[in-house]
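K.L.:
Numbered continuously in this note's numbering, the sequence shown closes out at residue 285.
Could you have a look at this structure, given as structure tokens, before my questions?
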Amino acid sequence: MLTSRQFEQARHLALRLAGIELVDRHREILYRRSVRLGILEGNSLDALLRAAEDGDPRASQRLVSLFTTNLTGFFRHPAHFDVAAEHALRAAQRRRQARCWSAAAATGEEPYSLAMALTDVFRREEPRVNILATDIDVEALAVARRGEYSVRALAGLEAERLERFFTETTANHWGIKPAVRRLVEFGALNLVEVAWLNIEGAFDVIFCRNVLMYLEASYRYSVVERLASLLAPDGLLILDPTEYLGKAGHFFAPAAVDGVYSRRRASCSSATRESGRLRR
């Protein structure tokens, strides 16, 4: 088990590095993850915590990987992808191209699921949609960029979609086909940093699932406010159905599907955009 000192230091760093609010129940979770990652042997965890406190970027990133859950899967909450794809299709019909953002892409299952759903709704036409996929965990993003998944990770995917959108690479792994992969652009982004993306225009759909529930309240408000500022006037924000907007709820109105919200136009006038550069 983590000592009280180790857990308190981890709580401080989780808040500072990622805006994550750790509570007592996370102590056992961190312990299990530390064991799995082999960082409890000897003084490895203490050394990692000290290095992160001193600003070492590699140590900080390793701790971020420890703190984040990367809970994902292909077509989790299928209705979300149906709603997002139909909304993006209508946006693309009004304009030359629609824009979507998976703000916590983890290992890539979410943005690739969206790309597959978009391919379905556009039918024979090349989807006129750009999908930006970002995450704080660069190790998870490396998996996403490879676009190769185990049979276990693909277990819930329909056989028809597996055949259409994947190619078997080894006996137990399948890779995303280029037609799907080219719809998605990956980049590293910490949602609680002051500097965000330097974005021209607005997004028609933003997925930000399994993020807000872990953030400290002030960070949660700030993130939601900035997401609202980056949505098109009729844009959709998609959260996990178990998440809530808290005090930032006035930026959005709930839609018919659990976890889907439409932007309230008047509430977003004061939201400000911070410029930053996407780390590739």
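No residue lacks a Cβ here, since even glycine has one placed at the ideal position from N, Cα and C.
Remember, it's a predicted structure, so these values are computed and weren't measured experimentally.
Identify every residue that forms a DSSP beta bridge with I25.
P.N.:
In the sequence shown, the residue the question calls residue 25 occupies position 20. For I25, which the question treats as bridged, DSSP gives the partners L220.
K.L.:
First and last residue of the beta strand (DSSP E) that includes Y266?
P.N.:
Within the sequence shown, residue 266 is the residue found at index 261, counting from 1. Run containing Y266: V265 to R268, per the beta strand (DSSP E) assignment.
K.L.:
Output needed for E131: all residues of its chain with C-beta closer than 8 Å, excluding positions within five of it in sequence on either side, in chain order.
P.N.:
To locate residue 131, count along the sequence shown from 1; it is residue 126. Around E131: no qualifying Cβ.
K.L.:
When DSSP labels each residue in this structure, what does A207 get in the three-state scheme?
P.N.:
Position 202 of the sequence shown, counted from the first residue, corresponds to residue 207. Looking at A207 - three-state DSSP - the assignment turns out to be coil, as it is neither helix nor strand.
K.L.:
If K182 sits next to F171, beta carbons under 8 Å apart, how far is it from one beta carbon to the other, in whole angstroms?
P.N.:
For the purposes of this step, residue 182 is taken as the residue at position 177 of the sequence shown. For the purposes of this step, residue 171 is taken as the residue at position 166 of the sequence shown. So it is a contact: roughly 6 Å between Cβ atoms.
K.L.:
Let me make sure I understand the geometry here. Which of N177, I211 and R16 has the alpha-carbon closest to that of I34?
P.N.:
Here residue 34 corresponds to residue number 29 of the sequence shown, with the count starting at 1. Closest by alpha carbon: R16.
K.L.:
Contact defined as beta carbons within less than 8 Å: I believe A233 pairs with F256. What is the distance between those atoms, to the nearest angstrom?
P.N.:
In the sequence shown, counting from the first residue as 1, residue 233 sits at position 228. In the sequence shown, counting from the first residue as 1, residue 256 sits at position 251. Going by Cβ atoms, the distance from A233 to F256 rounds to 4 Å, so yes, they are a contact pair.
K.L.:
Measure the Cβ-Cβ separation of L20 and V69 and say whether it is below 9 Å.
P.N.:
Indexing the sequence shown from 1 puts residue 20 at position 15. Indexing the sequence shown from 1 puts residue 69 at position 64. No, these two residues do not count as a Cβ contact at 9 Å.
K.L.:
Rounding to the nearest angstrom, what Cα-Cα distance links Y36 and R100 in this structure?
P.N.:
Walking along the sequence shown from the start, residue 36 turns up at place 31. Walking along the sequence shown from the start, residue 100 turns up at place 95. Their Cα atoms are separated by approximately 50 Å.
K.L.:
Residues in the same chain with beta-carbon distance under 6 Å from R285, minus the five sequence neighbours each way, listed in chain order, please.
P.N.:
Here residue 285 refers to the residue found at position 280 of the sequence shown. For R285, the predicted structure reports a pLDDT of 43, less than 50, and the residue's modelled location is therefore unreliable. A value from the coordinates is still provided. If we look at R285 and ignore the five residues flanking it on each side, its Cβ neighbours are G192.
K.L.:
Taking three-plus beta-carbon pairs below 8 Å as touching, is the segment 92-109 in contact with the segment 150-158?
P.N.:
no
K.L.:
Name the DSSP bridge partner or partners of I181?
P.N.:
For the purposes of this step, residue 181 is taken as the residue at position 176 of the sequence shown. DSSP, once it has assigned bridges, lists F171 as partnering I181.
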